[in-house]
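Taking it in order: structure first as structure tokens, then the write-up.
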Amino acid sequence: METSSLLPDKGEYHHDQGTQFQTSLIELAYDAIIVRDPASTIVSWNRGAERLYGWTAQEAIGKVTHELFQTRFPESREALDRFLATGEQWEGELIHTRKDGTQVIVESRQVIMRNSQTVPLAIMEINRDITERKQRERENQEQYRAIVQTAKEARLQLAALVESADIPIIGKTREGIITSWNRAAEHMYGYSAQEALGQPITIIFPPDRQDEFVRIMERISRGERVDLYETARQRKDGTILPVSVTISPIHDSEGHIIGVSDIAHDITERKRIQAQEQFLTEVSKVLYSTLDYQETLANVARLVVPQLADWFAVDLVDASGHFELIELAHKDPEQVRWARKLRELYPIDPTAPVGAPRVVRTGQAELYPEITDELLVAATRNEEELALARRIGYSSAMLVPLIARGRTTGVVSFVATESGKRYDERDLALAEEVGRRAGIALDNARLYREVQQSRDQLDIILQGVADGIIAYAPDSRIMYANDAAARMTGSASIQDMLATSQPGIV
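If you use this note's numbering, the sequence shown corresponds to residues 4 to 509, in order.
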């Protein structure tokens with residue numbers, strides 16, 4: 004832009020036609036256009052400057068700009084002057100003070116104007132009020148910072164909630180790489196957060212479920228949510244854990260799936276209760292399927308071993324306190340034969356202070372969560388018996404009473420050896436229920452045997468009577484007849500008489 008005609012020549016402006024045209028344009032400009040001499044004294048002041056700053060041209064001309072405006076420079080006035088001396092146009096933001104004392108932020112463009120000999124004549128300064136724009140920017144920045152801070156606080160709160168949650172919550176990428184792992188996950192799976200982060204989620208998948216994550220992600224990718232999916236996970240120590248998992252997608256700001264969250268519930272106890280209920284149902288079916296007590300106990304033993312115990316034994320006790328082993332079970336028949344021989348060599352001592360004798364005396368079950376060597380020493384009678392007990396390798400045991408009509412009739416033993424099981428109070432409650440039901444079933448079988456024996460004895464007596472004896476049902480069918488009755492009625496046999504439904508045969 005040619006501006007030299009705007010500048011004073013030896014303190015005066017040349018008022019030719021071009022100057023008047025340019026002056027008119029400057030006056031019409033909305034921006035503040037100020038011309039100052041090399042000493043920063045104002046020599047030109049347009050209407051835009053009057054509107055912006057409040058001073059008239061008469062008031063402003065002759066004043067030093069940075070003194071009039073109380074200018075606040077981004078660096079310093081000297082730095083700005085040095086930049087202008089390079090001949091480049093300077094652009095930046097300045098803070099000026101208006102005539103009324105209020106401050107205004109301006110977007111300023113300044114350049115040195117030179118004559119044909121490149122001698123500096125004046126500096127043109129064009130300033131635009133950006134106070135409102137800067138205020139909006141500040142407000143927007145404050146809002147943005149507030150949003151960012153709120154989001155940060157929300158993330159921190161969410162992270163704190165996740166970390167303190169009493170259920171395992173795991174975050175992972177779409178590829179299955181673990182990105183978050185709370186304390187409950189540490190407790191459930193055995194891996195610390197440091198160990199788990201960055202690892203594939205399949206570190207907690209059992210070997211036979213390694214492809215499960217791929218199938219789940221296929222469902223997630225279709226927009227599905229996986230709710231209360233019952234499966235299994237593997238702890239760091241290798242134990243398998245039944246769980247119910249809910250898996251949800253994690254979206255970015257644009258709604259794209261960038262990962263998934265995994266919330267798991269340990270359902271071990273629920274599965275345990277279900278298994279116990281099913282077990283007791285099966286036991287009841289077996290107990291009441293026959294009145295042959297030996298067959299009944301053999302069937303119960305097949306349910307107990309090895310599901311609940313490695314060894315299962317039932318001893319009945321008579322009035323003198325003598326123990327009779329009526330059922331002994333183990334998965335290895337050779338072990339059973341060996342154990343029966345041991346029982347013959349070392350029968351139960353009815354006076355023993357612990358074990359089956361005490362269960363009979365007290366009617367209370369006994370639980371041995373862990374059978375230590377000290378316990379074996381206390382329970383055995385000699386070194387040979389102790390050596391045999393050590394050879395068997397007891398780890399845990401439960402002894403429960405067989406009770407019928409308020410009387411202890413025997414003891415049921417559940418023993419863990421090679422499985423390494425450790426029984427607890429919940430196992431004992433199950434064993435006691437098995438013992439209770441077995442006691443009732445055995446008592447029913449005993450009563451049935453007694454009735455059968457009584458009937459057999461009565462039949463022998465009646466068959467020996469010379470008189471004919473016939474018993475009728477309410478519908479006049481013959482229920483019983485002795486040999487004498489068959490002879491007297493001319494029947495070929497007692498069976499023929501029983502097959503005859505005609506009343507009044509006699």
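Positions of the beta carbon are idealized from the N, C-alpha and C atoms, including for glycine.
Please state if the CB of residue j and the CB of residue i are separated by a distance shorter than 8 Å.
i              : j                 : result
serine 264     : glycine 409       : no
isoleucine 266 : isoleucine 133    : no
isoleucine 180 : proline 210       : no
isoleucine 98  : arginine 112      : no
arginine 131   : aspartate 34      : yes
isoleucine 395 : threonine 354     : no
arginine 439   : isoleucine 472    : no
asparagine 49  : glutamate 30      : yes
arginine 228   : serine 251        : yes
arginine 177   : isoleucine 260    : yes
threonine 182  : glycine 51        : no
glutamate 198  : phenylalanine 208 : no
alanine 488    : leucine 501       : no
valine 67      : threonine 44      : yes
valine 289     : valine 303        : yes
leucine 231    : serine 247        : yes
valine 286     : valine 437        : yes
isoleucine 172 : alanine 188       : yes
glycine 193    : arginine 141      : no
methionine 401 : aspartate 430     : yes
glutamate 81   : glutamate 96      : no
valine 415     : valine 363        : no
From the DSSP output, which residues share a beta bridge with residue i?
i              : result
aspartate 318  : Leu328 and Val414
isoleucine 175 : The residue you asked about is not isoleucine; residue 175 is lysine in the sequence shown. Ile181 and Val263, per the DSSP bridge assignment.
tyrosine 483   : Ala474
glutamate 233  : Ser247
isoleucine 308 : First, the residue type needs correcting, since residue 308 is valine and not isoleucine in the sequence shown. Valine 308 pairs with nothing; no bridge assigned.
isoleucine 108 : Ile98
asparagine 130 : Ala35 and Ser111
alanine 125    : Met116
tyrosine 371   : Ala400
histidine 254  : Ile260
threonine 44   : Val67
proline 203    : Ile180
Report all residues from its chain with a CB closer than 8 Å to the CB of residue i; omit the five preceding and five following residues, and keep chain order.
i              : result
isoleucine 351 : Asp318, Phe326, Gly358, Ala359 and Pro360
leucine 389    : Leu379, Val380 and Thr383
glutamine 92   : Arg112, Gln113 and Val114
isoleucine 126 : Val38, Arg39, Asp40, Pro41, Ser43, Leu87, Gln113, Val114, Ile115 and Met116
arginine 490   : Gly471
glycine 14     : Any reading at glycine 14 is ruled out, since the residue's pLDDT is 45, under 50, leaving its predicted position unreliable.
Could you pull out every residue in the same chain whose Cβ sits closer than 6 Å to the Cβ of residue i, ignoring the five residues on either side in sequence?
i              : result
proline 3      : No answer is possible for residue 3: the residues shown for the chain start at 4 and end at 509.
tyrosine 296   : Leu445 and Ala448
isoleucine 329 : Val317 and Leu319
proline 309    : Lys334
glycine 442    : Leu405, Ile406 and Ala407
alanine 60     : Trp48
glutamate 5    : Below a pLDDT of 50, predicted positions are generally treated as unreliable, and glutamate 5, at 38, falls in that range; the measurement from the model is reported next regardless. Nothing listed; no residue qualifies.
histidine 17   : Any answer about histidine 17 is weak, because its pLDDT of 45 lies below 50 and its placement is not dependable; what the coordinates show is given next. Cβ neighbours of histidine 17 beyond the five flanking positions: none.
Cutting at 7 Å between CB atoms, please list the residues of its own chain near residue i, excluding the five before and the five after it.
i              : result
glutamine 279  : Leu433
alanine 392    : Leu379 and Thr383
aspartate 313  : His333, Val418, Ala419, Thr420, Glu421 and Ser422
serine 249     : Rather than serine, the amino acid found at residue 249 in this sequence is threonine. Correct list, in chain order: Val229, Asp230, Leu231 and Ile266.
leucine 331    : Ala316, Val339, Ala342 and Arg343
glutamate 435  : Ala368 and Val403
tryptophan 184 : Ile173, Ala196, Ala199 and Leu200
glutamate 222  : The question names glutamate, yet the displayed sequence has arginine at residue 222. Cβ within range, chain order: Val229.
aspartate 240  : Gly193
Are the segment 44 to 58 and the segment 73 to 82 touching by the rule of at least three beta carbon pairs closer than 8 Å? no
With a cut-off of 8 Å, do at least 3 Cβ pairs link the segment 299 to 318 to the segment 368 to 376? Contact fails: fewer than three Cβ-Cβ distances are below 8 Å.
Of all the alpha helix (DSSP H) runs that stay within the bounds of the segment 51 to 99, which reach a length of 4 or more residues? 60 to 63, 68 to 72 and 80 to 87
Identify every run of the beta strand (DSSP E) within the segment 374 to 427, keeping only runs that are complete inside it and at least 3 residues long; order them along the chain. Runs of beta strand (DSSP E) with 3 or more residues, each lying fully within the segment 374 to 427, are found at 399 to 407 and 410 to 419, listed in chain order.
Contiguous alpha helix (DSSP H) assignments of at least 4 residues, all confined to the segment 265 to 296: 271 to 290
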